[in-house]
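Read in full-length UniProt numbering, the sequence shown has 17 at position 17, and its numbers run on one by one without any break. Report on the following structure.
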Amino acid sequence: MYSPSEIVAISIENGQKKIEKTWIAKWILGFIGGAMISLGYLAYIRVSASIPADLASVQALVGASVFPIGLIVILLAGGELITGNMMAVSTAWMAKKVSFKELLLNWLTITLANLLGAFFVAYAFGHVLGLTHSGVYLDQVLSLAEHKVNVSWEQAVISGIGCNWFVGLALWLCYGAKDAAGKILGIWFPVMIFVAIGFQHSVANAFVIPAAIFEGSLSWGEFFRNFLLVYVGNILGGGVFVSGFYYLSYKGH
């Protein structure tokens with residue numbers, strides 16, 4: 001593992017690289033990022049939905065154990081995920097390596113591309129292919145989506161903070177690992193924890209809530225309210241609780 005001060009430097013460098021990617025690369029990689037997180041969530045639903053409700057803790061653990069595959073693919077094979085950029089690009093901005101305008105434009109582009117990827121998976125694989133269309137899988141989607149949209153605004157924001165605190169830590173550990181096995185483990189466990197706890201991830205929600213909408217439940221207004229609140233929490237979790245805290249602690253060391 002690299003030292004914490006070295007990981008700060010790596011995070012700054014990666015944040016700069018995210019800004020420097022071409023427009024088309026950002027859109028393609030952002031689409032991949034949204035799709036991969038959604039496919040991880042789809043795997044969660046497919047493996048956990050058939051487990052009896054009275055084994056809820058087992059259901060959560062089994063689902064959480066497969067969800068991280070999406071972020072592993074993004075970070076090792078290539079992809080852009082807004083929650084990761086909230087951590088990495090924020091670190092580069094704090095180090096004055098990118099401007100605030102560049103940060104905002106990057107976040108906007110990657111967010112929109114992530115949404116396209118998530119909507120695509122929800123509609124094409126969930127609705128058209130039928131993987132979330134009926135039976136216990138539909139029941140699971142509706143239960144998850146309805147729970148997410150029915151929380152208060154404070155709960156949505158705080159849940160978003162908790163989520164991206166762990167996703168940011170997954171990036172931190174991935175950047176700090178020196179080999180592929182270390183990177184996979186560094187991603188797996190923090191992501192598994194946030195999923196098992198039930199924290200909310202804005203892009204993952206952009207899969208499961210639209211999946212419910214495509215099956216005739218909930219509304220787009222409910223989705224966008226949830227998305228914006230969780231998004232704010234994700235910014236705080238990744239940009240403050242990870243990049244902010246570690247940058248202030250280890251800059252210049």
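No residue lacks a Cβ here, since even glycine has one placed at the ideal position from N, Cα and C.
Buried versus exposed, by CB contacts within 10 Å (16 or more), Thr22: exposed
Nearest residue (CA-CA) to Leu129, options Ile235, Ser5, Glu215 and Gly15: Glu215
Span separating the alpha-carbon of Ser219 from that of Ser159: 21 Å
Sequence-distant residues of its chain with Cβ nearer than 7 Å to Met36 (five each side left out): Gly70, Val73, Ile74 and Gly79
Exposure of Asn150, with buried meaning 16 or more beta-carbon neighbours within 10 Å: exposed
Distance between Tyr41 and Leu138 (C-alpha atoms, nearest Å): 13 Å
DSSP state of His133 mapped onto helix, strand, coil: If DSSP states are grouped into helix, strand and coil, His133 belongs with coil.
Cβ-Cβ distance between Leu144 and Ala212 below 9 Å: yes
Residue ranges of each alpha helix (DSSP H) within the region 78-134, 4 or longer: Runs of the alpha helix (DSSP H) spanning 4 or more residues and lying entirely within the region 78-134 occur at 82-94 and 100-120, in chain order.
DSSP-derived helix/strand/coil call for Asp179: coil
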